[in-house]
Structure formats: structure tokens, C-alpha cells
Amino acid sequence: MKIVKSGTIKLIGLLLLGVTLSVHGFSDRQRADIEERIQPAGAVCLQGDSSCGVTVAAAGGSGKSADDIYNTNCMACHATGAAGAPKMGDVAAWTGRMDKGIDQIYANAINGINAMPAKGLCMSCSDDDVKSVVDYILDNSK
Ligand code: HEC
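So for the sequence shown, the UniProt record's numbering puts the first residue at 1; every next one is plus one.
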């Protein structure tokens, strides 16, 4: 009886020692691996922060480039001239419109005019996004 008891205690002692050793036995490499694995799945990216790999677009912008927005939202009308839209690349059509001034042209693209829908229906676009697409269209229509 006495022998069994002390044997049990020794066994428990050995087990504890084993656990202690394995906890402290990690190499730096293993430690780094574990730290990496227990990182939160989604790091929080703040607006304007570029530390997350992608820059988060400021204040309501779509975060898309001008030619992306053009291809998604404007091309359907402005590449074909649908509904009487001035075509991108049609120098005469755009030069005629420039008389009213660039600010009026921006405003018409943002608010819509006749068959031109407000923001070309790009609801995630900020005013500045739309302006940059207008610049993009004008640059390609000189
Ligand atoms: C549903 C077709 C359609 C879509 C989509 C569309 N447009 Fe237009 N857009 C028009 C038409 C039609 C006009 C000519 C309106 C007029 O002067 O009567 C026009 C005119 C314009 C003008 C000239 C405004 C002026 O003052 O002369 C700009 C700039 C413009 N669009 C930019 C854009 C941009 C940028 C997009 C995409 C974000 C876009 N459009 C999407 C049909 C469209």
C-alpha cells in the first residue's frame, strides 16, 4: 500500500515535470509560429491606413481607379454614344461641351443631366471619384 502510494506520487511528479519541460521547451522558431497562429484573423484597417497591404479609400470613395469606374459605370453609354452620350475619344463632341466650363461639366456628371444619370449610377462613387473619371474621359478625348 505504501509503495503504491509513493509510486503514484512519483508518477504524478514525473508527469508534471514533463508538462513543465514541454511548455518551456519551445524553440524561438516554434514560439514565433505559435504567435503567428494565434493572431486575430482579421486585422483592423483604419481609413487612410496603408499598413494592411491595401490603402483604405478615404471618405466614402469607391476605392476604384478612374478607368475601373469608367469600364463599369460609364462605358455602356460613353463608348457607344447610347442615348446621345458624347463618346470617349470624340474630340469634337467634348470640345463643344467644354465651353460651359469644367466645373459645370463635373456638376452635370455628379448630379446628372437629361439622359445622363447622376454619377453614371455609380452609387459608391464619391464626387471626387466622378471628377477623376470625367478627367479620364476628357484626357482620352483630346
Ligand atoms: C445611361 C447612359 C449613361 C451612363 C451610364 C453615363 N452617362 Fe454620362 N452622359 C450620358 C448622356 C446621354 C449624356 C449627354 C447628356 C446631355 O448633355 O444631354 C452624358 C453626358 C456626360 C457628360 C457631359 C456633361 C456635360 O455637362 O456636358 C459627362 C462629363 C459624363 N456624361 C460623364 C459620365 C461619367 C463619368 C459616367 C460614369 C460614372 C457616365 N457619364 C455614365 C449618358 C450616360
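By construction, the Cβ of each residue, glycine as well, lies at the ideal position given by its N, Cα and C atoms. Everything numeric in this text was worked out from a predicted model, so none of it was measured.
Check	Outcome
Measuring alpha carbon to alpha carbon, tell me which residue in 10, 29, 95 and 77 is nearest residue 139.	95
Using a Cβ-based criterion (distance less than 8 Å to any ligand heavy atom), does residue 76 qualify as near the ligand HEC?	yes
Below 8 Å, can you find three or more Cβ-Cβ pairs linking the segment 63-83 to the segment 126-136?	yes
Note down, one range per segment and in chain order, each alpha helix (DSSP H) of at least 4 residues found wholly within the segment 55-89.	66-69 and 75-78
Quick one: does the C-beta of residue 119 sit closer than 8 Å to a heavy atom of the ligand HEC?	yes
Just checking, does the segment 114-131 make contact with the segment 69-83 on the three C-beta pairs under 8 Å criterion?	yes
Assuming residue 108 is part of the alpha helix (DSSP H), what are its boundary residues?	102-111
Going by DSSP, what residues sit across from residue 98 in a beta bridge?	Paired residue(s): none; residue 98 is not in a bridge.
I need the straight-line Cα distance from residue 100 to residue 81, nearest angstrom please.	20 Å
Should residue 116 be listed as close to the ligand HEC, given that the test is whether its C-beta is under 8 Å from any heavy atom?	yes
So does residue 91 have its beta carbon nearer than 8 Å to some heavy atom of the ligand HEC?	no
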